[in-house]
Amino acid sequence: MLRIVKNNLLCWILLLGTFSWSWGEEPTHVRLAFSQASFPDVALQDVRTALAIWGAEVTRNIKGVDKLSTEIYPTLDGLVAAIRNGSIDLAILPSVDYFKVERQLDMELGFITDQGLSGNQRYLVVTQASLAGVPLQELRGRRFSYMNRDQLGLLYFNGLLLKGGQPEMDRFFSSTEALAKGSQVLNSLYFGKADICLVTEDSYRTTVAMNPQIAKKVRILFTSPDLHIGLAVYRKGYPGYLRRRIEAAVNNLRNYPRGAQILSLFQTTHIRPATEADLASTRKIYKEYRQMKGRLL
351 MLRIVKNNLL CWILLLGTFS WSWGEEPTHV RLAFSQASFP DVALQDVRTA
401 LAIWGAEVTR NIKGVDKLST EIYPTLDGLV AAIRNGSIDL AILPSVDYFK
451 VERQLDMELG FITDQGLSGN QRYLVVTQAS LAGVPLQELR GRRFSYMNRD
501 QLGLLYFNGL LLKGGQPEMD RFFSSTEALA KGSQVLNSLY FGKADICLVT
551 EDSYRTTVAM NPQIAKKVRI LFTSPDLHIG LAVYRKGYPG YLRRRIEAAV
601 NNLRNYPRGA QILSLFQTTH IRPATEADLA STRKIYKEYR QMKGRLL
């Protein structure tokens, strides 16, 4: 998980650096904000140091960018306040957090990735092979493991429980354990420390490829639709000419060596402006969960 989060952060950094190459002679100040929830398992001091070094390199070596400032907001409220007062240009945050605050702010969609570490992801609910075919409600009182602070995955899974007329995971299982990596989550099932777990499809495939015996001892019970983990959004009123320059850089990523290298490094086939259609399935499970949760309160 730590490696994925670090790579996710690096992907956004490299991407913004790529934008800078497409900008012309006019000096530009880019103000970039991260939600701390975008990298929960990385030491903040390490993140700040990396951003400071990269920002200095951009302003020293890339024509057209006279200043790059970055800020990490520990709370969603702090990020919302910064967007409201116009102190940031681009914000990178989890899609679930975006849904929580979009009615408070007139934000505009920025960027999204189709595949790879920051893009579409499917979640798998996996059980011991001996429990294959057992209805979800009959797994009550079992042991559950999942990836630490995976709010989108847990929202999906708790939604499944509520749809089935069951309580959420903390009251449904006898024990729950949050682990740092998807491989650790799946191995907890393999070694008998858990009866059911929640992992991403990417984590499942990678872990099974390393140990094919796992596939013989576990079974996939549910598979989520494609869900987007995070996105970047513009503050309202961000200048159209800067957006066009950024969009041009995004669309040209595959056409020159640096952009192609970034796409290859992060197993991403395309980085592009986000649309509402991209968020449809993620928004659907978010709204369904909120509606079911509301009926219980």
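Numbering-wise, my numbering comes out as the position in the sequence shown, counting from 1, plus 350. Don't be surprised by glycine CBs; every beta carbon is placed ideally from N, CA and C. This structure is a prediction, so every number in the text was calculated from the model and none was measured.
Whole angstroms is fine: what's the gap from residue i's alpha carbon to residue j's?
| i | j | result |
| --- | --- | --- |
| residue 586 | residue 560 | 46 Å |
| residue 444 | residue 528 | 19 Å |
| residue 643 | residue 512 | 8 Å |
| residue 623 | residue 459 | 7 Å |
| residue 432 | residue 543 | 44 Å |
| residue 582 | residue 524 | 38 Å |
| residue 436 | residue 494 | 43 Å |
| residue 470 | residue 502 | 12 Å |
| residue 530 | residue 504 | 14 Å |
| residue 535 | residue 567 | 14 Å |
| residue 454 | residue 426 | 12 Å |
| residue 555 | residue 487 | 27 Å |
| residue 539 | residue 448 | 32 Å |
| residue 519 | residue 593 | 42 Å |
| residue 446 | residue 541 | 32 Å |
| residue 557 | residue 434 | 43 Å |
| residue 588 | residue 388 | 22 Å |
To which residues does DSSP link residue i through a beta bridge?
| i | result |
| --- | --- |
| residue 440 | 382, 584 |
| residue 623 | 461 |
| residue 417 | 379 |
| residue 470 | 578 |
| residue 546 | 477, 494 |
| residue 568 | 478 |
| residue 511 | In DSSP, residue 511 forms no bridge with anything. |
| residue 529 | 497 |
Less than 8 Å separating the beta-carbons of residue i and residue j?
| i | j | result |
| --- | --- | --- |
| residue 590 | residue 442 | no |
| residue 472 | residue 551 | yes |
| residue 438 | residue 381 | yes |
| residue 429 | residue 383 | yes |
| residue 508 | residue 639 | yes |
Any idea if residue i is buried or exposed, counting beta-carbon neighbours within 10 angstroms, 16 or more meaning buried?
| i | result |
| --- | --- |
| residue 533 | buried |
| residue 629 | buried |
| residue 483 | exposed |
| residue 491 | exposed |
| residue 379 | exposed |
| residue 625 | exposed |
| residue 537 | buried |
| residue 399 | exposed |
Cβ pair count under 8 Å reaching 3, the region 471-488 against the region 541-550 = yes
Sufficient close CB pairs (3 or more, under 8 Å) joining the region 570-578 to the region 627-636 | yes
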